[in-house]
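Below is one structure, written out as structure tokens, with a few remarks after it.
Residue numbers (the numbering used here): -19 to 331.
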């Protein structure tokens, strides 16, 4: 594909997301969502492979269904409340429909089953875009309507996303499917806290994007898409595999890394709101997620994945042109929040 087409598609992704961010009217927000959907479809189908074509078709159908449901919700609210403003959606039926549509777009449970199958048919770079950038526009709309949503609905949606994604990722051997379930689980943490602290929910989403970007870039650098090939990458680059293990444990929420800090803040806010039962349940779901991250780390450094494999192990790595993004993303994913209080303290001390 020519470079000018890549530039056009990436620019359309940025333009669509920015248009949704700046929108106060449902029509312009819908235009931004459609622009991002249409821009990523050629990137998903660029590899002429049946799996890529199947993933593109599934993604198009899911997003079209979610868009139709969102349009119906906005039309219902406009008919009843005589307003097309995003912040003035007050009809309970319209709110429920809009929440369902945004949950389908984000891949939240119980509307998450399409995400692992679509992710499995994509290359790692497009999977990274789908897991990170494509979440921004729907999540921005979710933040704007979250204060009018019933708190019980958001709590149930967050708990079900964290729990079902944790169980779904247990027996997976495909790295892209594991990252898809990880996306659903982390968004569950953001959704459950969005009603009490939207800023904390946005912070959780940003940290998830950093950790996911570091994980996908490392997998792309090592050319690994399955645990069986991932477990043989230790001999090629032990330093990168150690960093990858720390990224996985950070995704699982192991202290004192970045992923633990944001979950600690969310649990603290939940306890302040006297939501002890949801806090306990989501911690138990996080322990299940931590298990399959630890399992992946175990097969990476301690033992080989069980079973015979005829996969060739390449002793010479590919020449990576961009050598700056991966170390920055890896450092941020592992040490961003643990080092932040120390940095602020030293800055205050020297000033």
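Ideal placement from N, C-alpha and C gives every residue a C-beta, glycine not left out. From a predicted model like this one, the values you see are computed outputs, not experimental measurements.
Which listed residue (the options) has its alpha carbon closest to that of residue i
{"i": "residue 77", "options": "206, 153, 312 and 129", "result": "129"}
{"i": "residue 219", "options": "281, 159 and 234", "result": "281"}
{"i": "residue 143", "options": "235, 89 and 216", "result": "89"}
{"i": "residue 41", "options": "-10, 72 and 95", "result": "95"}
{"i": "residue 82", "options": "35, 47, 183 and 186", "result": "47"}
{"i": "residue 0", "options": "-8, 11, -9 and -10", "result": "11"}
{"i": "residue -19", "options": "204, 188 and 27", "result": "27"}
{"i": "residue 105", "options": "252, 251 and 204", "result": "204"}
{"i": "residue 248", "options": "-4, 173 and -3", "result": "173"}
{"i": "residue 161", "options": "110, 200, 186 and 122", "result": "110"}
{"i": "residue 279", "options": "14, 152 and 200", "result": "152"}
{"i": "residue 92", "options": "183, 80, 103 and 101", "result": "80"}
{"i": "residue 183", "options": "229, 131, 200 and 120", "result": "120"}
{"i": "residue 188", "options": "222, 108, 250 and 102", "result": "108"}
{"i": "residue 101", "options": "157, 141 and 115", "result": "157"}
{"i": "residue 2", "options": "116, 229 and 221", "result": "116"}
{"i": "residue 275", "options": "229, 253 and 260", "result": "229"}
Alpha-carbon spacing of residue i relative to residue j, whole angstroms
{"i": "residue 265", "j": "residue 23", "result": "34 angstroms"}
{"i": "residue -6", "j": "residue 258", "result": "36 angstroms"}
{"i": "residue 181", "j": "residue 133", "result": "16 angstroms"}
{"i": "residue 288", "j": "residue 256", "result": "Its pLDDT being 49, under 50, residue 288 is placed unreliably in this model, and the coordinates cannot settle the point."}
{"i": "residue 202", "j": "residue 306", "result": "12 angstroms"}
{"i": "residue 196", "j": "residue 155", "result": "9 angstroms"}
{"i": "residue 6", "j": "residue 308", "result": "37 angstroms"}
{"i": "residue 244", "j": "residue 159", "result": "22 angstroms"}
{"i": "residue 169", "j": "residue -15", "result": "36 angstroms"}
{"i": "residue 262", "j": "residue 273", "result": "17 angstroms"}
{"i": "residue 135", "j": "residue 176", "result": "11 angstroms"}
{"i": "residue -10", "j": "residue 164", "result": "24 angstroms"}
{"i": "residue -12", "j": "residue 43", "result": "21 angstroms"}
{"i": "residue 271", "j": "residue 30", "result": "33 angstroms"}
{"i": "residue 267", "j": "residue 200", "result": "27 angstroms"}
{"i": "residue 213", "j": "residue 51", "result": "47 angstroms"}
{"i": "residue 333", "j": "residue 131", "result": "Because the chain in this structure spans residues -19 to 331, residue 333 falls outside the shown range and cannot be described."}
{"i": "residue 246", "j": "residue 139", "result": "13 angstroms"}
{"i": "residue 254", "j": "residue 225", "result": "35 angstroms"}
{"i": "residue 13", "j": "residue 73", "result": "22 angstroms"}
{"i": "residue 49", "j": "residue 260", "result": "33 angstroms"}
{"i": "residue 231", "j": "residue 45", "result": "31 angstroms"}
Chain-order list of residues whose beta-carbon lies under 7 angstroms from that of residue i (same chain, five-residue window excluded)
{"i": "residue 125", "result": "66, 69, 75 and 78"}
{"i": "residue 137", "result": "83, 88 and 171"}
{"i": "residue 178", "result": "123 and 126"}
{"i": "residue 38", "result": "94, 97 and 98"}
{"i": "residue 114", "result": "16 and 20"}
{"i": "residue 8", "result": "-1"}
With 16 other Cβ atoms within 10 Å as the buried cut-off, status of residue i
{"i": "residue 277", "result": "buried"}
{"i": "residue 112", "result": "buried"}
{"i": "residue 127", "result": "exposed"}
{"i": "residue 251", "result": "exposed"}
{"i": "residue -3", "result": "buried"}
8 angstroms CB neighbourhood of residue i in its chain, flanking five on each side removed
{"i": "residue 25", "result": "32, 33 and 36"}
{"i": "residue 227", "result": "191, 194, 195, 198, 310, 313 and 314"}
{"i": "residue 71", "result": "56, 57, 60 and 61"}
{"i": "residue -17", "result": "none"}
{"i": "residue 233", "result": "239, 240, 243, 266, 269 and 270"}
{"i": "residue 141", "result": "88, 89, 92, 164, 165, 167, 168 and 171"}
Near the ligand FMN: residue i beta-carbon under 7 angstroms from a heavy atom
{"i": "residue 15", "result": "Absence of the ligand FMN from the depicted structure is noted, as is the absence of any ligand whatsoever, leaving it without description."}
Sequence-distant residues of the same chain with beta carbon closer than 6 angstroms to residue i, five excluded per side
{"i": "residue 291", "result": "At residue 291 the pLDDT is 49, less than 50, meaning the model places this residue with poor confidence; the figure from the coordinates comes in the next sentence. Taken in chain order, the residues that qualify are 209."}
{"i": "residue 118", "result": "82, 85 and 86"}
{"i": "residue 64", "result": "5, 6 and 58"}
{"i": "residue 242", "result": "184 and 187"}
**OP:** Specify whether the segment 18 to 34 and the segment 55 to 72 touch according to this definition: at least 3 beta carbon pairs, one from each stretch, less than 8 angstroms apart.
**Re:** Not touching, per the Cβ criterion.
Subject >> Cβ contact check for the segment 205 to 212 and the segment 236 to 246: 3 or more pairs under 8 angstroms >> reply: The segment 205 to 212 vs the segment 236 to 246: no contact.
Original post:
Would you call the segment 91 to 108 and the segment 139 to 154 in contact, with 3 or more CB pairs under 8 angstroms?
Top reply: These segments touch.
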